[in-house]
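A.B. asks: This is the structure I have questions about; it appears just below.
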Amino acid sequence: MLIETFTVGNLSTNCYIAISEQTKDAIVIDPGIDSSSEADQIFDYITQAGLKVKLIVNTHGHPDHISGDAIFQEKYNVPIGIHRSDAVSLEGLENLNFPAAVLLEDGSLIKFGNESLKVMHTPGHTPGSICLLGERLVFTGDTLFAGGIGRTDFPGGSDRDMRLSLQKLVRLPDNFLIYPGHGPTSIMGEEKRVNPFLTS
Ligand SMILES: [Zn+2]
Ligand SMILES: [Zn+2]
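The sequence shown maps to residues 246 to 445 in our numbering.
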């Protein structure tokens, strides 16, 4: 799986393009763009790389992750995958092409080309936060960052759920690469050593 990162929006959200190298099928994770110029930059990359976008996936329903859903959906005419517990967030978006959401749940498989990502439900930051598990990598949204975790004091957040979700994540092998919703990538073994929310 090839991964291209675009940092977008005024909260510096990581928008990832996950790509099946052999088939050029791809998914767009968290297109939290603020402007059409940010969208154009990503569209240009997708065109030049010859990618076929199959799905948009939101790791959760916060505005800084879903703000580009409608413009990407219009461009590629593909559904939006989001956990059922956060799907209500999409109702606030204008111009969204309903009913076009794919409701994800724990264990759902997202397949594109020769690649697949498995949905791990990790509530805490929001009720419908998910992580996406690949072979030796995980997209963690706003659940786990390099050196930190997502806030739990927004509406729908839960400290208790977050603790349980982190307990699931900490079972991943040390060699798993972490692609968070904000900030730099990390590796699970390093987080287990230095991240205070995983070491306690
Ligand atoms: Zn968030
Ligand atoms: Zn965020």
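Glycine included, every Cβ here is placed at the ideal spot set by N, Cα and C.
Please read these numbers as outputs of a predicted model, since none were measured by experiment.
1. Can you tell me which residues form a DSSP beta bridge with T250?
2. Pull up the distance between the alpha-carbon of F399 and that of F288, whole angstroms please.
3. Please state whether the Cβ-Cβ distance between S410 and P368 is less than 8 Å.
4. Does the beta-carbon of L362 have 16 or more other beta-carbons within 10 angstroms, so that it is buried, or is it exposed?
5. What residue from I291, N303 and R438 has the CA that sits closest to D419's CA?
6. Quick one: what's F425 bridged to in DSSP?
7. In chain order, what residues of the same chain have a beta carbon less than 8 Å from the beta carbon of E350, not counting five sequence neighbours either side?
8. Any heavy atom of ligand 1 closer than 7 Å to the CB of H366?
9. Can you tell me which residues form a DSSP beta bridge with E360?
10. Quick one: what's got a C-beta closer than 6 Å to G379's C-beta in the same chain, skipping five residues either side?
11. Cα separation between L338 and A315?
12. Please output, in chain order, the residues near ligand 1 using a CB cut-off of less than 5 Å to any non-hydrogen atom of the ligand.
13. In the structure shown, what three-state DSSP assignment does H310 receive?
14. Measure the C-alpha to C-alpha separation of S403 and K299 and round it to an integer number of angstroms.
15. From what residue to what residue does the alpha helix (DSSP H) around L296 run?
16. On the premise that T430 lies in contact with G358, defined as a C-beta separation below 8 Å, what is that separation, rounded to the nearest angstrom?
17. Say yes only if the C-beta of L256 is nearer than 7 Å to one or more non-hydrogen atoms of ligand 2, and no if none qualify.
18. Based on Cα-Cα distance, which residue from E249, E266, D279 and V273 lies nearest to S257?
19. Using only the heavy atoms of ligand 2, determine whether one of them is closer than 7 Å to the beta carbon of H328.
20. What is the DSSP secondary structure of S403, counted as helix, strand or coil?
21. Let me know the secondary structure DSSP gives V323 once reduced to three states.
C.D. replies: Walking through what the data contain:
1. On the sequence shown, residue 250 is found 5 positions in, with the first residue counted as 1. Partner(s): Y261.
2. Along the sequence shown, read from residue 1 onward, the residue named residue 399 stands at position 154. Along the sequence shown, read from residue 1 onward, the residue named residue 288 stands at position 43. So the two alpha carbons sit approximately 32 Å from each other.
3. As a first step, residue 410 is located in the sequence shown; it is residue number 165 there, counting from the start. As a first step, residue 368 is located in the sequence shown; it is residue number 123 there, counting from the start. For S410 and P368, yes; Cβs fall inside 8 Å.
4. As a working mapping, residue 362 is identified with position 117 in the sequence shown. When all chains shown are included, L362 counts as buried.
5. Translated into the one-based positions of the sequence shown, residue 419 becomes position 174. Measuring from the Cα of D419, the nearest candidate turns out to be R438.
6. Taking the first residue of the sequence shown as 1, we reach residue 425 at position 180. One detail in the question is off: residue 425 reads as Pro in this sequence, not Phe. Bridge partners of P425 according to DSSP: G386.
7. As a position in the sequence shown, residue 350 is number 105, starting the count at 1. Setting aside the 5 residues that flank it on each side, E350 is surrounded in the same chain by H328, R329, V364 and H366, each with a C-beta closer than 8 Å to its C-beta; the list follows chain order.
8. For the purposes of this step, residue 366 is identified with residue 121 of the sequence shown, where counting begins at 1. At a cut-off of 7 Å, the beta-carbon of H366 does not count as near ligand 1: no heavy atom of the ligand is closer than that.
9. Reading the sequence shown from its first residue, position 115 is the one you call residue 360. DSSP lists F357 as partners of E360.
10. Taking the first residue of the sequence shown as 1, we reach residue 379 at position 134. Result list for G379: M246 and L362, in chain order.
11. By 1-based counting over the sequence shown, the position of residue 338 is 93. By 1-based counting over the sequence shown, the position of residue 315 is 70. The alpha-carbon separation between L338 and A315 amounts to approximately 7 Å.
12. Qualifying residues, in the order they occur: H307 and D387.
13. As a first step, residue 310 is located in the sequence shown; it is residue number 65 there, counting from the start. Taken through DSSP and simplified to helix, strand or coil, H310 comes out as helix.
14. For this step, residue 403 is matched to residue 158 along the sequence shown. For this step, residue 299 is matched to residue 54 along the sequence shown. Rounded to the nearest angstrom, the two C-alpha atoms are 32 Å apart.
15. As a first step, residue 296 must be located in the sequence shown, where it is residue number 51. Bounds of any alpha helix (DSSP H) do not take in L296, whose DSSP letter is neither H nor E.
16. The residue labelled residue 358 in the question sits at position 113 within the sequence shown. The residue labelled residue 430 in the question sits at position 185 within the sequence shown. About 22 Å; that fails the 8 Å criterion.
17. Here residue 256 refers to the residue found at position 11 of the sequence shown. Under cutoff, so the answer is yes.
18. For the purposes of this step, residue 257 is identified with residue 12 of the sequence shown, where counting begins at 1. Among E249, E266, D279 and V273, the Cα nearest to that of S257 belongs to D279.
19. Here residue 328 corresponds to residue number 83 of the sequence shown, with the count starting at 1. No; taking the cut-off as 7 Å, the Cβ of H328 has no heavy atom of ligand 2 nearer than that.
20. Residue mapping note: residue 403 aligns to position 158 of the sequence shown, counting from 1. Looking at S403 - three-state DSSP - the assignment turns out to be coil, as it is neither helix nor strand.
21. Within the sequence shown, the letter at position 78 stands for residue 323. Note: V323 maps to coil in three-state DSSP.
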